[in-house]
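I have placed the structure first, in the form of structure tokens, so that the comments after it can refer back to it.
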Amino acid sequence: METGNQDIQPPNANLDPPIVIEDGPPHLCYQFDQRRLGNKGEHLFAPPMQPVWNTMYYALALKGRGSPVHHPDPAQEHHIYYRRAGYSIGDVILLGDRGNFDFHFNTCAPADSPLNAPPEEIPEGFSPLFPQLDPTNVYEYSAFKGHTVLEGKSVRKFQHRGYSPGAIYDAMAEEKATLTLPDGVTSRDVIDVSCFRKYIAANAIAWYKFVNEVGFRRAINGDLRLVVGWDHCTSWSRDTKSLMTIQVPETETASGEPSVRYGITTDASGPGSTSLKLTRGDDPSEEGTIYSNQCVFVRTLNISVNDEIWFKLAEDFRPFIDLNPNRRPLPPGKPFTWNQKTMEVHPANGINALLLKMKPHAKFAITHDNDWISVLKDEDPCLPTAEEFLSRILEVYDVCEEDDVVYLEYKPQILYRRFLTHEHHTSLTLPLWQPITIAVGAVGYLSKVDGKFVTLFNARAPWDATPLGIRLLPVIRTKIVQTVHKQKTMKGKALHRISALLGLGRSQPQRSFTFPLTVGEKAAHLWTGTTRHRRLQKEDFAMGWFKDHIEKIVKDYGADHDIRKEDLVLVTGTLDTNEYALFVSACHREGSVNFDVNPDSRIGQPWGTFSPLNSGQFTSKVSQYGGPWETVLASCLESTT
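Anchor point for the sequence shown: position 144 equals 144 in the UniProt record's numbering, and the numbering is continuous, going up by one each time.
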């Protein structure tokens, strides 16, 4: 099973075993009743223990909405206006070991706001986010409309310790959770979360000191989170089921079966009538009001500090550990651990720790839940390990470091390939974020580093293919055809009238283009001037050739280029131009982006410029005026074609 202990020791130090500080059970656990299933394993090991919160989290986190909230109803100790609104964007929280949403304060509300914590429960010297969060930087929508039933299932393997020294038993946990939303949900998300990064970096250390030394929460590194998205509803119900199976020798069980099983079922719903009554209060105008304040999922920015900072924070916490009069004082300088009072299974904790190892000079790691959500796969049986998450993340994200913070940003070439749509020939299915000259007949692959196409050789060029012993594509049977498309033109009404008066029949090339941007959706756009489409007249012979030779190509090139069969393509068509504009955006507000062709471009200057009409994070590439012809789109045969 997973442990809740956090080792605290100086970085790169070899020290004696740490002292473990315990204050009773680290979390509320539900023992699985073995007697219901008739198996006996008491003499081999203690029954497995797990909070029902973990059961729900493992199952519903796979639904891709962030962290499922075990107690969606705001706690009654909060201000009545906060309870009516529900958990909010800007909340600094811990996700507690008993499934509670441990709200501390809100970074977007003034200290004296009823939507914030009481003044005595806010860190000394607190000041809210500045500049304030722009309301237009928050997107409201409905992730689930009307009556919705979400069913999550997780199947994961673990090892269970036995009583005998060194005894380890293979085990499997099957967790199921069903969340019913009678009226769907209302969802809100911050569109561009970069506005929080510097603010978090400036305050993270003080926040960790506050929750531990003042709140005595025993948070560990990675537990601090700032809410940037949520799903609220008016009512909900939830069922969870968990079955744990531990493999044992058949001779060791009373039933003679090769396993011992433990199971538990729980259910909950909300809000209750008492909660509604207290939330309405004594205000007659609130009589009968139904609040959309039940938070079933939350999406957060997850905050970790480097080992050096964390060791100092732990040392500062040492006197507070020693306050217990029933415990011997800790020896000065002795490393120690504590049993955390926060949830153990959040994916970001492990991801952040690995990112800080990749960027040893960074002081903070700040990641968004969407970073790990975006790499979940439908076929995942359970939440991947931190190492597997990071491996997937590095395929689609760049690891960035700025102002002592390590964070993740989508690789533009990945977004561009996934989301580009265009009006050119439908066979051109490979967009190139790094335009480069590619010949029809090229055999190659896309670089995993920068997305640039790497040509290994050209199957139609004797000087490239012959040394490999690979039969050439006969030129006579793989004729190349070429089509040239002039730059698109547009006649405005005024221009059309002027042309008619002057007796001119020509239309003028369009010099300005507008692309729509839809909030909540990724965007990728391409505009070109005159293009040249070159392609094989027939692909059937090329397809057979590729299938016949792909194994030899992988054998000859695979090791040197770190490529596999599925990475290789045979280029059967290209779209070339010396006038192009590429645009990609991972997050933006509702609106549009303009591209304007420079009317007085000179050799070496950009062909044009993009001018977004609203803020957001975007990347663009524009060719130079008078530059070389390069390939922007390609059609390819793949090994699976």
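Virtual Cβ for every residue (Gly too), placed ideally from N, Cα, C.
Where VAL248 is concerned, there is no enclosing alpha helix (DSSP H), because DSSP gives it neither an H nor an E. One thing to note: TRP53 has its Cβ within 7 Å of the Cβ of GLY99. Around the Cβ of GLU344, a 10 Å sphere holds 16 or more other Cβ atoms; the residue is buried. The three-state reading of DSSP puts TYR445 in strand, counting E and B together. Rounded to whole angstroms, the gap between the alpha carbons of SER427 and ARG417 is 14 Å. Distance from the Cα of ALA202 is smallest, within the candidate group GLN617, LYS522, ALA365, ASN137, for ALA365. By the Cβ criterion, the stretch 182-201 is not in contact with the stretch 255-269, since fewer than three pairs of Cβ atoms, one from each stretch, lie closer than 8 Å. Taking the Cα positions, PHE453 is about 9 Å away from THR437. For ASN106, the enclosing beta strand (DSSP E) has its first and last residue at 101-106. By the C-beta criterion, the stretch 210-219 is judged not to be in contact with the stretch 275-284, since fewer than 3 inter-stretch pairs fall below 8 Å. In the DSSP assignment, LEU582 forms a beta bridge with LEU526, LYS621.
With respect to GLN617, ASP192 sits close: the two C-beta atoms are nearer than 7 Å. The alpha-carbon of HIS79 is positioned some 18 Å away from that of VAL227. Between the stretch 420-435 and the stretch 551-561 there are fewer than three inter-stretch CB-CB distances shorter than 8 Å, so the stretches are not counted as touching.
Going by DSSP, LEU276 is part of the alpha helix (DSSP H) stretching over 273-280.
LEU517 is a Cβ neighbour of GLY591, given a cutoff of 7 Å.
Taking a C-beta distance under 7 Å as the contact criterion, TYR262 and PRO47 qualify as a contact pair. Going by C-alpha positions, THR136 is about 56 Å away from ASP548.
In the DSSP assignment, ASP556 falls within the unbroken alpha helix (DSSP H) covering 540-561. Contact between ILE93 and CYS108 fails: their C-beta atoms lie close to 13 Å from each other, not under 8 Å. Cα atoms of ILE563 and THR572: separation of roughly 20 Å, rounded to the nearest angstrom. In the DSSP assignment, the residues bridged to LYS157 are MET172.
SER623 is the residue among SER623, PHE389, ASP223, HIS368 whose C-alpha sits nearest the C-alpha of PRO435. Contact check for PRO123 against PHE210 passes: the beta carbons are separated by less than 7 Å. Cβ-Cβ distances below 6 Å link THR234 to ASP183, ILE290, SER292 in the same chain, with the five nearest sequence neighbours on each side left out; the list follows chain order. Contact between SER639 and GLU566 is confirmed by a C-beta separation of about 6 Å, below the 8 Å threshold.
With distances taken between CA atoms, ALA206 lies nearest to ALA314 out of GLY162, GLU174, ALA314. The C-beta of LEU526 has 16 or more other C-beta atoms within 10 Å across all chains shown, which makes the residue buried.
In the three-state reduction of the DSSP assignment, PRO135 falls in the helix class. Here TYR208 carries a helix assignment [DSSP, helix/strand/coil].
Classified as exposed, GLN247 has fewer than 16 neighbouring CB atoms from the shown chains inside 10 Å of its CB. A straight-line Cα-Cα distance of about 14 Å links TYR397 and CYS587. Secondary structure note for PHE320: it is in no beta strand (DSSP E), and the uninterrupted alpha helix (DSSP H) holding it is 307-321.
For GLN159 and ARG188, the gap between their C-alpha atoms comes out near 39 Å. DSSP, read as helix, strand or coil, puts GLU566 in helix.
By the criterion of a C-beta distance shorter than 7 Å, THR619 is surrounded in its chain by PRO412, VAL584, once the five residues flanking it on both sides are discounted.
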